[in-house]
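Participant:
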Amino acid sequence: MGLHFVEFYSKHLNPAATDKQLAENRQLLERAKVSISAHGVNRFSKDEAANRKVFEFAKRAGIRNITANPLPDAFDSLDKLVAEYNIRIAIHNHGPGALYDTIESVKKAVKGRHKLIGACVDTGHFIRSKEDPVKAVHELGARVFGVHMKDEAKQEKQSHNVVIGSGHLDVLGLFKGLKKVGFPADGGLSLEYEANPDNPIDDMKQCLAVAREAIAKL
């Protein structure tokens, strides 16, 4: 599909991976000409030793962006760790009723924190929470380090993914917003598609075509 970046999560590459496992993974990615742009979603608490293990893993794996779901008591620890490791934390919003389910909840979490603590804008979850993901990009601005790009059939909790642009996602508006806020070149922009699990490739190719068409208009 012409892609060269991937976001892994624990079932793809576990933070407890050994050096041997990381080396094997690195060889596999090099053969495919693919790099890891981000890893998550990872949970963080006030347990700095546990938090540090995730950062050590990211450092060993060459990962710049950790997609995260931190508890409120985790931020003092994360402030120190992002500065020490120069690795970003991108808070991932989830659907209605989650700890981070609205634009305001993410803005509140990052306010006053280290500049490397920001957001991973999950467009589908914001849509399910009746929030505008394009507005989220503009309001979070330079704090946007990641995007989970997907579209939803409905603006409600019970929904399902559709090809981007055919539901509630303004794809061109999203990319215009990312360009305006200066989305980092080494940020994590991930296409996420969970519908049609037995045969998702054709739908994913349609999503990529829509994305490429939008990017060409910037």
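Heads up: the sequence shown begins at 1 in our numbering, then just goes up one per residue. Virtual Cβ for every residue (Gly too), placed ideally from N, Cα, C. The model shown is predicted, which means the values in this text are computed figures rather than measured ones.
1. Under DSSP, the beta strand (DSSP E) around PHE8 begins and ends at which residues?
2. Could you tell me if HIS4 is buried or exposed, where buried requires 16 or more neighbouring beta carbons within 10 angstroms of its beta carbon?
3. Mind checking who PRO70 pairs with in its DSSP beta bridge?
4. Do the CB positions of ILE103 and GLU131 come within less than 7 Å of each other?
5. Starting from GLY146 and walking both ways along the beta strand (DSSP E), at which residues does that stretch end?
6. Kindly list the residues whose CB is nearer than 6 Å to the CB of ASN65, restricted to its own chain and excluding five residues on each side of it in sequence; keep chain order.
7. Consult DSSP for SER190 and reduce its assignment to one of helix, strand or coil.
8. Helix, strand or coil for GLY182, going by three-state DSSP, please let me know.
9. Would you mind giving the Cβ-Cβ distance between TYR193 and ASP186, rounded to the nearest angstrom? I have them listed as a contact below 8 Å.
10. Reducing DSSP to helix, strand and coil, say where ALA209 ends up.
11. In the DSSP output, which residue or residues are listed as bridge partners for GLU30?
12. Could you tell me if ILE215 is buried or exposed, where buried requires 16 or more neighbouring beta carbons within 10 angstroms of its beta carbon?
13. Quickly, what does DSSP pair HIS39 with across the bridge? List them, please.
14. Does the distance from the C-beta atom of ASN161 to that of ALA136 stay below 7 Å?
15. What is the DSSP secondary structure of ILE201, reduced to helix, strand or coil?
16. Check each candidate in ASP170, LEU71, ARG60, GLY118 and name the one with the smallest Cα separation from ASN25.
17. Measuring only the C-alpha atoms, how far is ALA119 from LYS180?
18. Give the single residue among PHE175, ARG143, ALA83, VAL82 whose Cα lies nearest to the Cα of LYS111.
19. Around the Cβ of THR18, are there at least 16 other Cβ atoms within 10 angstroms (buried) or fewer (exposed)?
20. Take the Cβ of ASP101 as the centre, count every other Cβ of all protein chains shown within 10 Å, and call the residue buried at 16 or more, exposed below.
21. Buried or exposed: where does ARG43 fall if 16 or more other Cβ atoms within 10 Å of its Cβ makes it buried?
22. What are the residues that DSSP puts in a beta bridge with ARG88?
23. Alpha carbon to alpha carbon, how far is HIS125 from ASN220? Give it in angstroms, no decimals.
Facilitator: Inspection of the coordinates gives the following:
1. 5-8
2. exposed
3. PHE44
4. yes
5. 144-149
6. ALA38, ARG88, ALA90, PHE145, GLY146, GLY188
7. strand
8. coil
9. In fact, because the Cβ distance is near 23 Å, the residues do not count as touching under 8 Å.
10. helix
11. Note: GLU30 sits in no beta bridge, so no partner.
12. exposed
13. PHE8, ILE66
14. no
15. helix
16. ARG60
17. 16 Å
18. ARG143
19. exposed
20. buried
21. exposed
22. ASN65
23. This structure gives no information on residue 220, because the portion of the chain shown stretches from 1 to 218.
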